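Participant:
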Amino acid sequence: MKKLIIIIVTLGFLIVANILTNSNNPSLKKHTATLSEVLDLETPISSFSISINKNKINLIDDGTCYKIKSIGYCADDKKIQLFKRFLSNKVNDIYENTPENIKRLGFNSPTNNKVIVINNNKTLIMGKINQYSEIYIQQTNKIYKVNFNKDMLQTNTKEWIDKSKPIIDLAESDKFNIDINVNRNNCASIQHKNLINDKKFSALRNSFFDLYASDVKPWNMKDDDLVFTIHIKTSNNKDIIGHFNIWKEDHLVYLVKSNTPRLKFVIPNLVYDNISTYCKK
Numbered sequence: 277m278k279k280l281i282i283i284i285v286t287l288g289f290l291i292v293a294n295i296l297t298n299s300n301n302p303s304l305k306k307h308t309a310t311l312s313e314v315l316d317l318e319t320p321i322s323s324f325s326i327s328i329n330k331n332k333i334n335l336i337d338d339g340t341c342y343k344i345k346s347i348g349y350c351a352d353d354k355k356i357q358l359f360k361r362f363l364s365n366k367v368n369d370i371y372e373n374t375p376e377n378i379k380r381l382g383f384n385s386p387t388n389n390k391v392i393v394i395n396n397n398k399t400l401i402m403g404k405i406n407q408y409s410e411i412y413i414q415q416t417n418k419i420y421k422v423n424f425n426k427d428m429l430q431t432n433t434k435e436w437i438d439k440s441k442p443i444i445d446l447a448e449s450d451k452f453n454i455d456i457n458v459n460r461n462n463c464a465s466i467q468h469k470n471l472i473n474d475k476k477f478s479a480l481r482n483s484f485f486d487l488y489a490s491d492v493k494p495w496n497m498k499d500d501d502l503v504f505t506i507h508i509k510t511s512n513n514k515d516i517i518g519h520f521n522i523w524k525e526d527h528l529v530y531l532v533k534s535n536t537p538r539l540k541f542v543i544p545n546l547v548y549d550n551i552s553t554y555c556k557k
């Protein structure tokens, strides 16, 4: 019995010693820390930018959302959360910043230059992504390996804009009239009763429901060749629900709203086609 007690006590001491040793072992700590922790990032993240070769996107937290700096438009929150999850991923391994590792882990490619700058003071150089969806990140004199979602490495506004809300706040139950002007000349005025009773107006009416932008770009107020000005009014014509311009430029169709005159929204070509049937140049 005494021998059994001695064995149990000895095993207890060994377990405690092992726990204490692991808790004081910095090499084990560093592999359970998050990327944000090893980079000693200041939180919250006030801004970040992503650069791929000569393309770049900047995002800034203005208190209401992360805005895409070039257009002053909110970014998709799902995309922002993807970026934050990336920073909260555990570091799977750490390497020394040696010439051999620089070459082996994909940091010496002149045609694949990817950089993330966080809070204007932490520069992360992105290396290759391995077969396990892990990416290598160089920061100062260390290289970190973390899990990664490649959808985050995009620099075009099309992939970052907030697409959660339609451009025009219009519901199926709303009663409204539509006026269409081309180059300031009225060419169609359609009353609510005709919009809902005559099937030939269905395509036009439906063009303004659930209308989402596929991209948002800055607008320099260029005079375009053929501009449709649309007024959506309440059925009594007392209030304007929407006032916007629509035109085609090259192969894209743009919409500009009166309350956001510096931005042009890329919308489906079908909307332009539905409107243009009522007006000819």
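Residue numbering for the sequence shown follows the numbering used here, beginning at 277 and increasing consecutively. Yeah, the Cβ is synthetic: ideal placement off N, Cα and C, and Gly gets one too. In this text the structure is predicted, and so the values were computed from the model without any measurement.
Is the region 428-447 close to the region 464-482, with three or more CB pairs under 8 Å?
Facilitator: Short answer: they don't touch.
Participant: Based on the DSSP output, what are the partners of W523 in its beta bridges?
Facilitator: Position 247 of the sequence shown holds residue 523. According to DSSP, which records beta bridges pairwise, W523 is partnered with V503 and Y530.
Participant: With DSSP run on the structure shown, which of helix, strand or coil describes P544?
Facilitator: Here residue 544 is taken as the residue at index 268 of the sequence shown, counted from 1. Three-state result, P544: coil.
Participant: Can you give the beta carbon distance from L315 to Q415, rounded, assuming they're within the 8 Å contact cut?
Facilitator: As a working note, residue 315 is residue 39 in the sequence shown. As a working note, residue 415 is residue 139 in the sequence shown. Right, their Cβ atoms sit about 6 Å apart.
Participant: Could you check the C-alpha separation between L539 and Y488 for me, to the nearest Å?
Facilitator: Counting from one through the sequence shown, the residue named residue 539 turns up at place 263. Counting from one through the sequence shown, the residue named residue 488 turns up at place 212. In a straight line, the C-alpha of L539 is about 14 Å away from that of Y488.
Participant: Does DSSP put P375 in a helix, in a strand, or in coil?
Facilitator: Counted from its first residue, the sequence shown places residue 375 at position 99. Three-state DSSP puts P375 in a helix.
Participant: Helix, strand or coil for D450, going by three-state DSSP, please let me know.
Facilitator: Numbered from its first residue, the sequence shown carries residue 450 at position 174. D450 falls in the coil class under three-state DSSP.
Participant: Are the CB atoms of K355 and Y349 nearer to each other than 8 Å?
Facilitator: Numbered from 1 along the sequence shown, position 79 holds the residue referred to as residue 355. Numbered from 1 along the sequence shown, position 73 holds the residue referred to as residue 349. Their beta carbons are not under 8 Å apart, which means K355 does not touch Y349 by this criterion.
Participant: By the DSSP assignment, the alpha helix (DSSP H) with A479 in it spans what residues?
Facilitator: Indexing the sequence shown from 1 puts residue 479 at position 203. Taken as a continuous stretch (DSSP letters only), the alpha helix (DSSP H) holding A479 covers S478 to N482.
Participant: Tell me L539's beta-bridge partners as DSSP assigns them.
Facilitator: Numbered from 1 along the sequence shown, position 263 holds the residue referred to as residue 539. P494.
Participant: Might you give, ordered along the chain, the residues of its own chain that have their beta carbon closer than 6 Å to the beta carbon of S322, omitting 5 neighbours on each side?
Facilitator: Numbered from its first residue, the sequence shown carries residue 322 at position 46. D337 and N395, listed in sequence order.
Participant: Per the DSSP calculation, N229 is bridged to which residue(s)?
Facilitator: With the chain running from 277 to 557 in the structure shown, residue 229 is simply not present.
Participant: Could you tell me the alpha carbon to alpha carbon distance between I419 and Y371, rounded to whole angstroms?
Facilitator: To locate residue 419, count along the sequence shown from 1; it is residue 143. To locate residue 371, count along the sequence shown from 1; it is residue 95. Going by the C-alpha atoms only, they are around 5 Å apart.
Participant: With distances taken from CA atoms, which of S364, Y554 and F324 is nearest C463?
Facilitator: What you label residue 463 is simply residue 187 of the sequence shown in a count that begins at 1. Minimum Cα distance to C463 is reached at Y554.
Participant: Which partner residues does N462 have in the DSSP bridge list?
Facilitator: Here residue 462 corresponds to residue number 186 of the sequence shown, with the count starting at 1. DSSP lists N457 as partners of N462.
Participant: Closest Cβ-Cβ distance between G403 and chain B: below 8 Å?
Facilitator: Among the chains in the structure shown there is no chain B, since it carries only a single protein chain.
Participant: Kindly list the residues whose CB is nearer than 6 Å to the CB of K439, restricted to its own chain and excluding five residues on each side of it in sequence; keep chain order.
Facilitator: Against the sequence shown, residue 439 aligns to sequence position 163. Taken in chain order, the residues that qualify are Y488.
Participant: Should the region 451-460 be called in touch with the region 495-515, which here means at least 3 C-beta pairs below 8 Å?
Facilitator: Contact holds: three or more Cβ-Cβ distances are below 8 Å.
Participant: Do you know offhand how far V422's Cα is from M497's?
Facilitator: Taking the first residue of the sequence shown as position 1, residue 422 is located at position 146. Taking the first residue of the sequence shown as position 1, residue 497 is located at position 221. Distance between the alpha carbons of V422 and M497: 45 Å.
Participant: Does the contact criterion of 3 or more C-beta pairs under 8 Å hold for the region 317-332 versus the region 385-403?
Facilitator: A contact exists between the region 317-332 and the region 385-403.
Participant: Suppose the cutoff is 6 Å on Cβ atoms and the five residues either side in sequence are ignored; what does the same chain contact list for R361 look like?
Facilitator: On the sequence shown, position 85 is the one that residue 361 refers to. Closer than 6 Å at the Cβ level, and outside the excluded window around R361, lies no residue.
Participant: Would DSSP call T399 helix, strand or coil?
Facilitator: By 1-based counting over the sequence shown, the position of residue 399 is 123. Note: T399 maps to strand in three-state DSSP.
Participant: Taking only runs of the beta strand (DSSP E) that begin and end inside the region 332-364, which ones reach a length of at least 3 residues, in chain order?
Facilitator: Runs of the beta strand (DSSP E) inside the region 332-364: 342-344.
Participant: Can you grab the Cα-Cα spacing for the pair L546 / I405, in whole Å?
Facilitator: Numbered from its first residue, the sequence shown carries residue 546 at position 270. Numbered from its first residue, the sequence shown carries residue 405 at position 129. If I take the Cα positions, the gap works out to 39 Å.
Participant: Just the C-alpha distance for I454 and I506, rounded to the nearest angstrom, thanks.
Facilitator: Residue mapping note: residue 454 aligns to position 178 of the sequence shown, counting from 1. Residue mapping note: residue 506 aligns to position 230 of the sequence shown, counting from 1. Answer to the nearest angstrom: the Cα atoms are 7 Å apart.
Participant: Could you check where the beta strand (DSSP E) with N512 kicks off and where it finishes?
Facilitator: In the sequence shown, counting from the first residue as 1, residue 512 sits at position 236. From DSSP, N512 is part of no beta strand (DSSP E); its letter is neither H nor E.
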